[in-house]
Amino acid sequence: MYRRDFLKVSAAAAAAAALSPALASCGGIAGGKKRVGKGGPLKMSYYPYVVELQHTFTISGFSRDTTTVILVEIEYDGVTGYGEAALPPYMTGQTLETASAFLDKVDLSQFSDPFEMDEILGYVDSLAEGMSCPKCGIDIALHDLVGKLLGKPIYKLWGYNKEKTPDTSFTIGMDTRDVIIQKTNEAAPYNILKVKLGSTEAEDKMIVETIREVTDKPIVVDANQGWKDKFYALDMICWLKEKGVKFVEQPMPKTVYDDMAWVTEHSPLPTIADESCQRLVDVKKLYGVFTGINIKLLKCTGLREAHRMVETAQGLGMMLMIGCTTETSCAVSAMAQLSPVVDFADLDGNLLISNDCFSGMKIVNGKITLNDLPGIGVTKL
70 MYRRDFLKVS
80 AAAAAAAALS
90 PALASCGGIA
100 GGKKRVGKGG
110 PLKMSYYPYV
120 VELQHTFTIS
130 GFSRDTTTVI
140 LVEIEYDGVT
150 GYGEAALPPY
160 MTGQTLETAS
170 AFLDKVDLSQ
180 FSDPFEMDEI
190 LGYVDSLAEG
200 MSCPKCGIDI
210 ALHDLVGKLL
220 GKPIYKLWGY
230 NKEKTPDTSF
240 TIGMDTRDVI
250 IQKTNEAAPY
260 NILKVKLGST
270 EAEDKMIVET
280 IREVTDKPIV
290 VDANQGWKDK
300 FYALDMICWL
310 KEKGVKFVEQ
320 PMPKTVYDDM
330 AWVTEHSPLP
340 TIADESCQRL
350 VDVKKLYGVF
360 TGINIKLLKC
370 TGLREAHRMV
380 ETAQGLGMML
390 MIGCTTETSC
400 AVSAMAQLSP
410 VVDFADLDGN
420 LLISNDCFSG
430 MKIVNGKITL
440 NDLPGIGVTK
450 L
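Residue numbers (my numbering): 70 to 450.
What follows is the structure, given as C-alpha cells:
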C-alpha cells in the first residue's frame, strides 16, 4: 500500500471521504490518564487498557487472566484513527512501561501529511530496535486514519474481495478435562478448533482425545515451542494426523532451524511458524524450514509490514496464516483486513475477552465478515 499504492485510489474517492468525528473513549482505562503528544497537523495520544479473559488462558509454559494493551489515537483535521498495542508478556517481552517510554519518544507533529506512510512509519521504526508492539499501535492508527480520509476500508485499498474471507478458528487453551469439554461446547458456533498443546505427552493426548469425544470438527494444533526433541515432535504430529488434525503450529523452539526443517520434511502435516516468524526478514529464512508462516501485527510492527510479508510468502508458495493474541476488536479488525488472501485465520482474540471496547469485524457462522466502514472498520463503544 503506502503512498504509491494509495495514489491509485481515485481523487473522487478521496474527495468523497466522510470525515468522521472522534468517538468517545473506551471505558475501564487501567493505569492512568491519556498521554498526549506534541501538537501539529498529526496529533498522537495513547492510554492503557486491561482486557479481561472469560477463562484463564493457558499455553505451554504460561497462564493469564488479563492482558494489558495500549490504545493509540492519531488525529488529523478532525478525523481520528484508532490503533492498539497488545502486550502479552510471554510473546515479545515488552511491558506497559517500556512501550510507554517508546511512545513518549514519538513526535508525529513533524509530519504534515498522513499519506506519507512510508516516511512516517520508517521514522517510527528507526527510533529503537524491537518495540514491535507500540510500533504496531501507531501503524494501525495511521492506517485507520488514512482509510477514513479516503472513505474506504483498508482491504478495498489493497484490492481484496471481502467475500473470500476464511473461517476463523476458536482457541481452546490447556485445561482440565471438564473445562476442555465446557470450552469445546462453547465453541459450537465455530467450524474449526485451535488447540493449545506443548505439555506432557499424556496431557496433550488427553486434551485432543477429550475434544474428539465431543466433536469431529477440524482441529489445528499450536504447540507454542513445547516439543523439544525432533523425533518426539514428529511422533506427536503423526499421532495428531490420525486424530484429524490439519496442521501444527510452532512445534519446536523458535531457533532450532535444522531440527525443524527435518520435522517439516518428514511431517505428514503442514507446519506453521509462529514464534520463529517475527518480521519480513524472517520469511525467506523460513522457506523450507516450515510449510507456512503465521503473521501477527504485534510481532511485525503492523499492517504495512504484514502486507509485505503476505506478498513475499505468496511469492515463495508458502502457506499463509494470520493470527492475534487476546486483543480488542480494534487490533483484530485491523488484522482481518488481510483475511481475504490467506489460507487460514485465527482471529478470535476479541471473542475470548469480556470487556471489548470496540465493535468491528464479525464472525457469522464461523466465517470472518468484514464491514464497509472506512479504515480498519471499527467503532468505539
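Every residue, glycine too, gets a C-beta built ideally from N, C-alpha and C.
Q) Nearest-angstrom Cα distance between H124 and T394? A) If you draw a straight line from the Cα of H124 to the Cα of T394, it comes to about 14 Å.
**Q.** Whole-angstrom distance between G109 and G361, CA atom to CA atom
**A.** In a straight line, the C-alpha of G361 is about 42 Å away from that of G109.
Q) Any idea what DSSP makes of E278, helix, strand or coil? A) Of the three classes helix, strand and coil, the one that applies to E278 here is helix, per DSSP.
Q. Cβ atoms of G242 and T127: under 7 Å apart, would you say?
A. In contact: T127 and G242 (Cβ atoms closer than 7 Å).
Q) Does the separation of the CB atoms of L439 and K231 fall below 7 Å? A) Yes.
**Q.** Burial state of G313, where buried means 16 or more other Cβ atoms lie within 10 Å
**A.** Using a 10 angstroms sphere on the CB of G313, the tally of other CB atoms stays under 16, which defines it as exposed.
Q.
Less than 7 Å between the beta carbons of G435 and D236, yes or no?
A. Taking C-beta atoms as the reference points, G435 and D236 count as a pair closer than 7 Å.
Q | Status (buried if at least 16 other CB within 10 Å, exposed otherwise) for L385 | A | Counting every other CB atom within 10 Å of its CB across the protein chains shown gives L385 a total below 16, marking it as exposed.
(Q) Which same chain residues end up closer than 6 Å to E272 when comparing Cβ atoms and leaving out the 5 residues on each side of it in sequence? (A) Counting only Cβ-Cβ distances below 6 Å, and skipping sequence neighbours, we find nothing.
Q: Taking 7 Å as the cut-off, decide whether the C-beta atoms of T370 and D208 are in contact.
A: The Cβ atoms of T370 and D208 lie closer than 7 Å to each other.
Q.
Give me the residue from S178, E344, T164 and F184 with the minimum Cα distance to Q319.
A. When only C-alpha atoms are compared, the closest one is E344.
**Q.** At least 3 beta-carbon pairs within less than 8 Å: the stretch 184-197 vs the stretch 149-160
**A.** They do not touch, by the three-pair rule.
Q. Got a sec? Which residues, its chain only, sit under 7 Å from T333 by beta carbon, not counting five neighbours each side?
A. Apart from sequence neighbours up to five positions away, the residues of its chain that approach T333 with a beta-carbon distance below 7 Å are T340, V358, F359 and T360, ordered along the chain.
Q | In DSSP terms, what G392 is bridged to | A | G392 has D415 as its beta-bridge partners, per DSSP.
Q. Which same chain residues, not among the five before or five after P157, have their C-beta less than 6 Å away from its C-beta?
A. Hits under 6 Å: T136 and T394.
Q | Rounded separation between L29 and P183 - CA only | A | Any property of residue 29 remains undetermined from this structure, which presents the chain solely from 70 to 450.
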